[in-house]
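Below: the structure, in structure tokens.
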Amino acid sequence: MKLNSFLSSKRLFLLVKRDIISNKLAILVVFGAIFVGVYLNSLINIYSSTPSSTLYSSLFANIIFISGFIITSIQFKEIHKKETAQDYLLIPASTFEKFLSRLLLSTIGFALLALAGLTLMSYMVEGINTLIFGRHSIPFYPFSGEVFKAIAHYFVAQSIFFLGAIYFRKYNFIKTINSIFIFLFALAILGVIFTRIVYHDIFSEFLRSDNFYFQLHLNSLPIESDRARMLVRTAKILYWIIPAPLFWTISYFRLKETEVKNAL
Amino acid sequence: MITIEKLNFDYKKKKLFKDLSLDLKHGSIYGLLGKNGAGKTTFLKILAGLIFPESGEISVLGFTPAERNPDFLKELFFLPEEYTLPGIKAGEYKKIYAPFYPDFDEERFFELISEFNLPEDSKLSNFSYGQKKKFLLSFGIASNSRILLLDEPTNGLDIPTKTRFRKIVASSQSKERIIIISTHQVRDVEHLIDPVLILDEGRIIFNETMDRVADILTVEKVSSLSDTADILYSENEIDGYKVVVKNRDRDQNAIDFETLFNAVITNPHGIQSAFNGGSPNETK
Numbered sequence: 001m002k003l004n005s006f007l008s009s010k011r012l013f014l015l016v017k018r019d020i021i022s023n024k025l026a027i028l029v030v031f032g033a034i035f036v037g038v039y040l041n042s043l044i045n046i047y048s049s050t051p052s053s054t055l056y057s058s059l060f061a062n063i064i065f066i067s068g069f070i071i072t073s074i075q076f077k078e079i080h081k082k083e084t085a086q087d088y089l090l091i092p093a094s095t096f097e098k099f100l101s102r103l104l105l106s107t108i109g110f111a112l113l114a115l116a117g118l119t120l121m122s123y124m125v126e127g128i129n130t131l132i133f134g135r136h137s138i139p140f141y142p143f144s145g146e147v148f149k150a151i152a153h154y155f156v157a158q159s160i161f162f163l164g165a166i167y168f169r170k171y172n173f174i175k176t177i178n179s180i181f182i183f184l185f186a187l188a189i190l191g192v193i194f195t196r197i198v199y200h201d202i203f204s205e206f207l208r209s210d211n212f213y214f215q216l217h218l219n220s221l222p223i224e225s226d227r228a229r230m231l232v233r234t235a236k237i238l239y240w241i242i243p244a245p246l247f248w249t250i251s252y253f254r255l256k257e258t259e260v261k262n263a264l
Numbered sequence: 001m002i003t004i005e006k007l008n009f010d011y012k013k014k015k016l017f018k019d020l021s022l023d024l025k026h027g028s029i030y031g032l033l034g035k036n037g038a039g040k041t042t043f044l045k046i047l048a049g050l051i052f053p054e055s056g057e058i059s060v061l062g063f064t065p066a067e068r069n070p071d072f073l074k075e076l077f078f079l080p081e082e083y084t085l086p087g088i089k090a091g092e093y094k095k096i097y098a099p100f101y102p103d104f105d106e107e108r109f110f111e112l113i114s115e116f117n118l119p120e121d122s123k124l125s126n127f128s129y130g131q132k133k134k135f136l137l138s139f140g141i142a143s144n145s146r147i148l149l150l151d152e153p154t155n156g157l158d159i160p161t162k163t164r165f166r167k168i169v170a171s172s173q174s175k176e177r178i179i180i181i182s183t184h185q186v187r188d189v190e191h192l193i194d195p196v197l198i199l200d201e202g203r204i205i206f207n208e209t210m211d212r213v214a215d216i217l218t219v220e221k222v223s224s225l226s227d228t229a230d231i232l233y234s235e236n237e238i239d240g241y242k243v244v245v246k247n248r249d250r251d252q253n254a255i256d257f258e259t260l261f262n263a264v265i266t267n268p269h270g271i272q273s274a275f276n277g278g279s280p281n282e283t284k
């Protein structure tokens, strides 16, 4: 396949433009709802006995995670309905371009919009508060390390919801959350079984021990601190480099395999 | 232009296409006829790359449809039977979608919109079913795509629009273009489609031009079936029978589509034999 058949900046731009125009009303509704939420939080904060100086950083994390996951979950609603799927799949653009346009919109696009939107909202809200109530919170500062860390974590977790958006036909957000819980639960069970096997001599019954317990603080784990640090570092590296590319790659192939069968 | 070799496709454990092979050339308006459930829509979707075959080779303009290559997609326009349109106006739709089709003819698009009496200032989502169909047809024709697949295009159209539809589709045909119209309403596409493809039980059981049909078959009215020999197909009428027979004298009693379709479906082997020069001894 020629590179131009796989990725063309012109077609990618056209797809992004199409998606923005098609969803402009939804974007406005979401930001309207966020504005109301931000305003209420700010009101509570200025009248709180201990006003938070990091109100907007916390709000940003909430916005990017909750709204971001919901928005990501509905990214591919078109491909789950026969009438809209055929229209979308037959747009003269490659599968990769269709995948990339939605990925860019729900990651970088959404993060930038959330940053710009919340900055603007915070100045508006605090301006209103100063005018009406004569008091205000500290407006949002979008260039802090905390904000960028939240965005980075969002990109990793978003990849799961992105796959859920392609994989599930209905109730994508709920089903993705359920899948994550089931996965984590299964992982916990495996962890318990693994621990029971490794430390079998200190368990008196299957899940009961009189002298063994877990603490989440790494320094308390019964392993040497160097080993613990190495484990943590490895886990961090794996967390940053594996899940997002893996889930995005699976999503791409899932989109490539999408068909519009009569039963859809 | 379109080559299909040994296409196999199952749907819900039912064999829909079995070793289906077909060659379609550009410059024609093919009529894909078949009973309900014969697989006409599925066939068009396979050609468009919306459904992947189980096995077999399909080449459309040299592309494999299932790959959905953008160079292939810009040369294909599929008008499905069921669709939704966004809540935007015709002009906005054109602005969003037309740039994907490099040969899009804007002038022709607005010409067709006005010919179909479509309001330009209304949102497409507020259009009636027939209006939506006319809108998409206008867009498809103006896209200048070399492959135009129309699935039941006359469903939902009123009688004057059906006539206009035939006129517009006929005038949109070019030497480079191939139009496939799938329908079970055979009368609606009479005098428009040529050649005729009839799909039945997973196979193309008939693929002939109308000139050849007129050369080989003719329709006669008889009062009794015993009056005529070698009847390929007969239909009861008030004053006797309408029969399809081999055209031995090269008469020009053109056979209508409905009768042809019924004859092929009822007696496929007899009709096939007549076209292959044999004697229609499998008459029903």
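Protein sequences, first through last, are from chains A and B.
The numbering of the first sequence is the working numbering, which starts it at 1 and goes up by one.
The numbering of the second sequence is the working numbering, which starts it at 1 and goes up by one.
Glycine included, each C-beta is placed from N, C-alpha and C at the ideal position.
Next item on the list: Answer with yes or no whether the minimum CB distance from B:Ile178 to chain A is below 7 Å.
Entry: No, B:Ile178 lies away from the interface with chain A (no Cβ there is under 7 Å from its Cβ).
Item checked: Backbone secondary structure at B:Asp23 - three-state DSSP -> Three-state result, B:Asp23: strand.
Next item on the list: Would you mind giving the Cβ-Cβ distance between A:Ala26 and A:Phe60, rounded to the nearest angstrom? I have them listed as a contact below 8 Å.
Entry: About 21 Å; that fails the 8 Å criterion.
Check: A:Arg18 touches chain B at which residues, Cβ-Cβ below 8 Å?
Finding: Residues of chain B passing the Cβ test: Ile96 and Tyr97.
Checklist line | Start and end residues, beta strand (DSSP E) containing B:Asn207 | finding: Unbroken beta strand (DSSP E) run through B:Asn207: Arg203 to Glu208.
Margin query: For the alpha helix (DSSP H) containing A:Val192, name the first residue and the last one.
Written below: For A:Val192, the uninterrupted alpha helix (DSSP H) segment begins and ends at Asn172 to Val198.
Note to self: Just list the residues that DSSP pairs B:Asn236 with in beta bridges.
What the structure shows: B:Asn236 is bridged by DSSP to B:Tyr241.
Next item on the list: Please determine, among A:Leu103, A:Lys256 and A:Phe133, the residue with the shortest C-alpha to C-alpha distance to A:Pro245.
Entry: Checked all of A:Leu103, A:Lys256 and A:Phe133; the closest Cα to A:Pro245 is A:Leu103.
Check: Candidates B:Lys175, B:Ser182 and B:Gln131: which alpha carbon is nearest B:Leu318's?
Finding: Residue 318 of chain B is absent from the model: chain B starts at 1 and stops at 284.
Check: Can you tell me whether DSSP reads A:Ile138 as helix, strand or coil?
Finding: A:Ile138 carries a coil assignment under DSSP once its states are collapsed to helix, strand and coil.
Note to self: Please report whether the beta-carbon of A:Thr84 lies at a distance below 7 Å from any beta-carbon of chain B.
What the structure shows: Residue contact with chain B for A:Thr84: present (Cβ-Cβ distance below 7 Å to some residue of chain B).
Next item on the list: Label B:Gly34 either buried or exposed according to how many other C-beta atoms from any shown protein chain fall within 10 Å of its C-beta, with 16 as the threshold for buried.
Entry: With 16 or more other Cβ atoms within 10 Å, it is buried.
Next item on the list: With 7 Å as the threshold, decide whether the Cβ of B:Asn69 is near any Cβ in chain A.
Entry: So yes, B:Asn69 belongs to the interface.
Margin query: Between B:Pro86 and chain A, is the shortest Cβ-Cβ distance under 7 Å, so that the two count as touching?
Written below: Closer than 7 Å: yes.
Margin query: Output needed for B:Phe206: all residues of its chain with C-beta closer than 6 Å, excluding positions within five of it in sequence on either side, in chain order.
Written below: Ile198 and Val264, listed in sequence order.
Checklist line | Within-7 Å CB hit, A:Pro51 to chain B | finding: No, its Cβ sits nowhere closer than 7 Å to a Cβ of chain B.
Notebook entry, point to check: Quick one: is B:Pro65 near chain A, going by C-beta distance under 7 Å?
Noted result: B:Pro65 does not count as touching chain A.
Margin query: Can you tell me whether A:Gln215 is helix, strand or coil according to DSSP?
Written below: With a pLDDT of 46 at A:Gln215, under the threshold of 50, the modelled position of that residue is not reliable, and the figure given next carries that caveat. Secondary structure at A:Gln215: coil, using DSSP grouped into helix, strand and coil.
Next item on the list: Enumerate, from N- to C-terminal direction, the unbroken beta strand (DSSP E) stretches of 3 or more residues contained entirely within the segment 72-124 of chain B.
Entry: Whole beta strand (DSSP E) segments, 3+ residues: 76-79.
Note to self: So, at 8 Å on beta carbons, what are the nonlocal neighbours of A:Ile71 in its own chain, with the 5 sequence-adjacent residues on each side left out?
What the structure shows: Correct list, in chain order: Val30, Ser106 and Phe110.
Item checked: Short Cβ contact (7 Å threshold) for A:Ile64 with A:Tyr167 -> Their beta carbons are not under 7 Å apart, which means A:Ile64 does not touch A:Tyr167 by this criterion.
Checklist line | A:Tyr56, enclosing beta strand (DSSP E) - first and last residue | finding: That residue, A:Tyr56, is in no beta strand (DSSP E); its alpha helix (DSSP H) goes Leu55 to Asn62.
Note to self: Could you tell me the alpha carbon to alpha carbon distance between B:Asp230 and B:Leu22, rounded to whole angstroms?
What the structure shows: For B:Asp230 and B:Leu22, the distance between alpha carbons rounds to 30 Å.
Margin query: So, at 6 Å on beta carbons, what are the nonlocal neighbours of A:Gln215 in its own chain, with the 5 sequence-adjacent residues on each side left out?
Written below: Residue confidence is low: A:Gln215 scores 46 on pLDDT, short of 50, so the model does not pin down where it sits. No coordinate-derived value is stated.
Check: Comparing alpha-carbon positions, which option in B:Pro80, B:Ile271 and B:Gly27 lies nearest B:Asn155?
Finding: Ranking the options by Cα distance to B:Asn155, first place goes to B:Pro80.
Notebook entry, point to check: Which residue comes first and which comes last in the beta strand (DSSP E) that contains B:Glu220?
Noted result: The continuous beta strand (DSSP E) containing B:Glu220 extends over residues Leu217 to Val222.
Margin query: Can you check whether the C-beta of B:Ile51 is within less than 7 Å of a C-beta belonging to chain A?
Written below: Flagged as an interface residue toward chain A: B:Ile51, by a C-beta distance shorter than 7 Å.
Notebook entry, point to check: By a C-beta neighbour count over all protein chains shown, 10 Å radius and 16 as the cutoff for buried, is A:Met230 buried or exposed?
Noted result: So A:Met230 ends up on the exposed side.
Checklist line | CA-to-CA distance, A:Thr176 to A:Phe160, given in whole angstroms | finding: One detail in the question is off: residue 160 of chain A reads as Ile in this sequence, not Phe. Spanning the two alpha carbons is a distance of roughly 7 Å.
Margin query: Quick check on B:Leu73 - is its C-beta less than 7 Å from some C-beta in chain A?
Written below: Yes, because at least one Cβ of chain A sits closer than 7 Å to the Cβ of B:Leu73.
Next item on the list: Report yes if the CB atom of A:Leu163 is closer than 7 Å to the CB atom of A:Ser22, and no otherwise.
Entry: No, the Cβ-Cβ distance between A:Leu163 and A:Ser22 is not below 7 Å.
Notebook entry, point to check: So, does the CB of B:Tyr83 fall closer than 7 Å to a CB anywhere in chain A?
Noted result: With 7 Å as the cut-off, B:Tyr83 counts as an interface residue toward chain A.
Check: Is the beta carbon of B:Gly202 less than 7 Å from the beta carbon of B:Lys15?
Finding: Going by C-beta atoms, B:Gly202 is nearer than 7 Å to B:Lys15.
Check: Since B:Phe257 is in the alpha helix (DSSP H), which residue starts that stretch and which ends it?
Finding: Start and end: Phe257 to Thr266.
Notebook entry, point to check: Are the Cβ atoms of A:Ser101 and A:Phe6 separated by less than 7 Å?
Noted result: No.
Note to self: Is there a Cβ of chain B sitting closer than 7 Å to that of A:Tyr252, yes or no?
What the structure shows: The beta-carbon of A:Tyr252 is placed no less than 7 Å from the nearest beta-carbon of chain B.
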